[in-house]
Amino acid sequence: MNKKPVRIGVVGYGFMGRTHSNAYSQLDHFFDTQHIPVRQVICGRSEDKVKDFAQKWGYHDTETDWRELVKRDDVDAIDICTPNDSHYDIALAAIENGKMILCEKPLALDGAQGRKMVEAIEAAGLPNLVWYNYRFLPAVTLAKKIIDSGELGRVFHYRANFLQDWTMSEELPQGGAALWRLDAAAAGSGVTGDLLAHNIDCARWLNGDIVSVSAMTETFIKERVHQETGEVQPVNIDDACAFLARFENGSLAIFESTRYARGHKSYKTFEINGQNKSLSWDLHDLNRLSYFDHSVPSETRGWSSIHVSDGDHPYAGNWWVPGLCLGYEHSFVHGAVEFMKHLDNPNAEKAFPDFRHALGTQYVCDAVLESARTKQWVDVKKA
Ligand code: SOE
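Using my numbering, read the sequence shown as starting at 165 and increasing by one per residue.
Dropping the structure here:
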């Protein structure tokens with residue numbers, strides 16, 4: 165097959181720079197898309213680190229300034245893997261230079277920024293994706309297939325958690341490398357934009373739009389030393405957030421996220437309860453989807469556990485032989501695959517969140533934070 169290279173310029177060589185680079189390096193070995201990613205340029209501020217990264221991950225070239233990267237003629241798409249406060253500026257400059265964009269989640273600091281990004285990229289007609297990766301795990305994609313078939317019947321409930329415990333120490337600084345997620349200026353918000361945004365993306369994909377929310381948030385540790393300035397500064401992120409929500413389809417939801425759930429590293433879950441069937445999933449057992457079918461005779465009825473690793477399960481057949489497991493990193497490969505498939509066939513329905521879908525998620529996050537502030541139910545804007 166005559167492959168069409170998509171030359172990618174990645175901004176950021178941290179955690180996400182690695183997950184995306186790994187995805188680009190694996191894709192063509194396991195999937196047969198016509199478009200294939202090429203690791204063209206890696207961009208980051210430290211010349212030494214960016215050179216090391218390029219060598220390790222097979223990039224053709226390096227840049228130390230994203231403003232130069234977005235202008236390059238040998239780059240077709242910009243992949244934004246930097247802290248949230250830079251997504252807007254990099255995206256707008258990339259759009260001005262006619263580049264496609266793959267942007268880390270959340271789309272922006274807030275809905276106001278996100279809306280401008282959507283308007284600009286749609287006016288330019290450039291393909292775009294936001295890396296909400298968990299929907300590309302085979303078990304989550306299988307849940308989507310089952311829900312879309314209508315088998316669940318009327319949906320009554322949706323519940324989701326994302327629990328961590330890594331910020332419980334008062335000694336942990338905020339801000340700067342690796343800790344920018346604790347600094348509201350860089351992150352926009354705490355667990356709402358960082359963790360609940362993942363759950364909201366999956367929920368809206370699986371169960372439709374969320375129309376209103378009622379939330380509470382808490383900042384347990386009120387001051388921390390800023391890693392860059394050395395000064396003690398107020399902490400302005402939400403350490404924990406829980407909210408109730410109503411979906412457009414009439415179902416009710418409860419979402420919870422925290423970085424203070426001792427013992428939980430990344431416990432991400434969802435459960436959906438329909439009239440006929442229920443499904444539930446959690447990230448710590450990511451290859452399994454739990455399935456309850458009320459039509460089974462009562463003697464043998466119960467929750468069954470589907471190991472989503474067979475040849476005809478989503479994505480699984482492209483990898484190893486049936487029964488062998490996939491992991492976190494594969495979700496990024498699958499996200500990149502869906503983007504390449506979209507370039508192959510732009511008129512087919514997209515299986516990935518684009519900027520507009522991610523704006524809808526951002527609007528839910530904004531409504532959640534507003535509700536926590538005002539102690540009122542808040543209606544969610546339509547993206
Ligand atoms: C935070 O700890 C974090 O790394 C998020 O930023 C990611 O989006 C999530 O997938 C895992 O947790």
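Beta carbons: idealized from backbone N, C-alpha and C, even for Gly.
Measure the beta-carbon distance from residue 288 to residue 311 and round it to whole angstroms, keeping in mind my assumption that it falls under 8 angstroms. The residue you call residue 288 lines up with position 124 of the sequence shown. The residue you call residue 311 lines up with position 147 of the sequence shown. So it is not a contact: roughly 33 angstroms between Cβ atoms.
Can you check which of these residues, 255, 200 and 190, is closest to residue 286 by C-alpha distance? Looking up residue 286 in the sequence shown gives position 122. Residue 255 is the option with its Cα nearest to residue 286.
Residue(s) in a DSSP beta bridge with residue 397: Translated into positions along the sequence shown, residue 397 becomes position 233. Beta-bridge pairing links residue 397 to 388.
Which of the three DSSP states, helix, strand or coil, is assigned to residue 482? Along the sequence shown, read from residue 1 onward, the residue named residue 482 stands at position 318. Residue state, collapsed to three classes: helix.
Taking 7 angstroms as the cut-off, does the CB of residue 269 come closer than this to any heavy atom belonging to ligand 1? For the purposes of this step, residue 269 is taken as the residue at position 105 of the sequence shown. Correct: residue 269 has its Cβ closer than 7 angstroms to ligand 1.
Using the C-alpha atoms, what's the distance from residue 440 back to residue 216? Locating residue 216 in the sequence shown gives position 52, counting from the first residue. Locating residue 440 in the sequence shown gives position 276, counting from the first residue. Cα to Cα, the separation comes out at about 54 angstroms.
Whole-angstrom C-beta distance between residue 425 and residue 566, which should lie under 8 angstroms: Because the chain is modelled from 165 through 547, residue 566 falls outside the range shown and cannot be assessed.
Could you spell out where the alpha helix (DSSP H) holding residue 279 opens and where it closes? Locating residue 279 in the sequence shown gives position 115, counting from the first residue. Looking at the DSSP string, the run of the alpha helix (DSSP H) that includes residue 279 is 275 to 288.
Just list the residues that DSSP pairs residue 581 with in beta bridges. Residue 581 falls outside the range modelled here, since the chain spans only 165 to 547, and no answer is possible.
Check the C-beta distance from residue 172 over to residue 202 and give it rounded, since I have them as a contact under 8 angstroms. The count along the sequence shown starts at 1 and reaches residue 172 at position 8. The count along the sequence shown starts at 1 and reaches residue 202 at position 38. At roughly 6 angstroms, the Cβ-Cβ gap stays under 8 angstroms, so residue 172 and residue 202 are in contact.
Assuming residue 267 and residue 184 are in contact, meaning their beta carbons sit under 8 angstroms apart, how far apart are those beta carbons, in whole angstroms? Here the question's residue 267 lines up with position 103 in the sequence shown. Here the question's residue 184 lines up with position 20 in the sequence shown. Going by Cβ atoms, the distance from residue 267 to residue 184 rounds to 11 angstroms, so no, they are not a contact pair.
Using a Cβ-Cβ distance under 8 angstroms, would residue 354 count as near chain D? Any reference to chain D falls outside this structure, which holds one protein chain only.
Nearest to residue 388 (by Cα), restricted to the options 227, 377 and 401: Reading the sequence shown from its first residue, position 224 is the one you call residue 388. Residue 388 has its Cα closest to that of 401, out of 227, 377 and 401.
Opposing strand residues paired with residue 378 [DSSP bridges]: Working through the sequence shown from its first residue, we reach residue 378 at position 214. According to DSSP, residue 378 bridges with 408.
Going by DSSP, name the residue or residues bridged to residue 226. Translated into positions along the sequence shown, residue 226 becomes position 62. Looking at the DSSP assignment, residue 226 forms a beta bridge with 206.
7 angstroms CB neighbourhood of residue 519 in its chain, flanking five on each side removed: As a working note, residue 519 is residue 355 in the sequence shown. Here the set comprises 271, 281, 282, 285, 292 and 294.
Pull up the distance between the alpha-carbon of residue 433 and that of residue 452, whole angstroms please. Here residue 433 corresponds to residue number 269 of the sequence shown, with the count starting at 1. Here residue 452 corresponds to residue number 288 of the sequence shown, with the count starting at 1. Cα to Cα, the separation comes out at about 12 angstroms.
Applying the criterion that 16 or more other CB atoms from any shown protein chain within 10 Å of the CB defines a buried residue, is residue 218 buried or exposed? As a first step, residue 218 is located in the sequence shown; it is residue number 54 there, counting from the start. Buried, by the Cβ-count rule.
Using the Cα positions of residue 500 and residue 463, report the straight-line distance between them to the nearest angstrom. As a position in the sequence shown, residue 500 is number 336, starting the count at 1. As a position in the sequence shown, residue 463 is number 299, starting the count at 1. Taking the straight line joining both Cα atoms gives about 44 angstroms.
Select from 390, 373, 478 and 167 the residue whose C-alpha is nearest the C-alpha of residue 338. Mapped onto the sequence shown, residue 338 falls at position 174. Ranking the options by Cα distance to residue 338, first place goes to 390.
Burial state of residue 179, where buried means 16 or more other Cβ atoms lie within 10 Å: By one-based count along the sequence shown, residue 179 stands at place 15. Under this definition residue 179 is an exposed residue.
Three or more beta-carbon pairs under 8 angstroms between the stretch 348 to 368 and the stretch 314 to 325, yes or no? yes
Tell me the residue span of the alpha helix (DSSP H) that contains residue 220. Numbered from 1 along the sequence shown, position 56 holds the residue referred to as residue 220. Per DSSP, residue 220 belongs to the alpha helix (DSSP H) from 211 to 221.
Would you check if the distance between the CB atom of residue 467 and the CB atom of residue 459 is smaller than 8 angstroms? By 1-based counting over the sequence shown, the position of residue 467 is 303. By 1-based counting over the sequence shown, the position of residue 459 is 295. Against a cut-off of 8 angstroms, the Cβ pair of residue 459 and residue 467 comes out as no contact.
Give the straight-line distance between the Cα atoms of residue 406 and residue 257, rounded to the nearest whole angstrom. As a position in the sequence shown, residue 406 is number 242, starting the count at 1. As a position in the sequence shown, residue 257 is number 93, starting the count at 1. Roughly 36 angstroms between the two C-alpha positions.
DSSP beta-bridge partners for residue 267? As a working mapping, residue 267 is identified with position 103 in the sequence shown. DSSP, once it has assigned bridges, lists 244 and 294 as partnering residue 267.
Check residue 303 in the structure and name its three-state DSSP category. Translated into positions along the sequence shown, residue 303 becomes position 139. The answer is helix: DSSP assigns residue 303 an H, G or I state.
Taking just the CA atoms, how far does residue 341 sit from residue 298? As a position in the sequence shown, residue 298 is number 134, starting the count at 1. As a position in the sequence shown, residue 341 is number 177, starting the count at 1. Approximately 24 angstroms, taken between the alpha carbons.
Give me the Cα-Cα distance between residue 477 and residue 344, rounded to the nearest whole angstrom. Position 313 of the sequence shown, counted from the start, is the residue given in the question as residue 477. Position 180 of the sequence shown, counted from the start, is the residue given in the question as residue 344. Taking the straight line joining both Cα atoms gives about 37 angstroms.
Reduced DSSP category for residue 257 - H, G, I as helix; E, B as strand; rest coil: Looking up residue 257 in the sequence shown gives position 93. Three-state result, residue 257: helix.
At a cut-off of 7 angstroms, would you count residue 219 as near ligand 1, judging by its Cβ distance to the nearest heavy atom? For the purposes of this step, residue 219 is identified with residue 55 of the sequence shown, where counting begins at 1. Checking every heavy atom of ligand 1 against the Cβ of residue 219, none is found closer than 7 angstroms.
Could you tell me the distance, in whole angstroms, from the CA atom of residue 529 to the CA atom of residue 446? Residue mapping note: residue 529 aligns to position 365 of the sequence shown, counting from 1. Residue mapping note: residue 446 aligns to position 282 of the sequence shown, counting from 1. Using only the alpha carbons, I get a separation of about 22 angstroms.
If you follow the alpha helix (DSSP H) that residue 363 is in, where does it begin and where does it stop? Taking the sequence shown and counting its residues from 1, the one referred to as residue 363 is at position 199. Looking at the DSSP string, the run of the alpha helix (DSSP H) that includes residue 363 is 361 to 371.
DSSP three-state assignment for residue 495, whether helix, strand or coil: If you number the sequence shown from 1, residue 495 lands on position 331. Three-state DSSP puts residue 495 in a helix.
Would you tell me roughly how many angstroms separate the C-alpha atoms of residue 515 and residue 394, rounded to the nearest one? The sequence position of residue 515 within the sequence shown is 351, counting from 1. The sequence position of residue 394 within the sequence shown is 230, counting from 1. Rounded to whole angstroms, residue 515 to residue 394 spans 44 angstroms at the Cα level.
Run of the alpha helix (DSSP H) containing residue 166, from where it starts to where it stops: On the sequence shown, position 2 is the one that residue 166 refers to. From DSSP, residue 166 is part of no alpha helix (DSSP H); its letter is neither H nor E.
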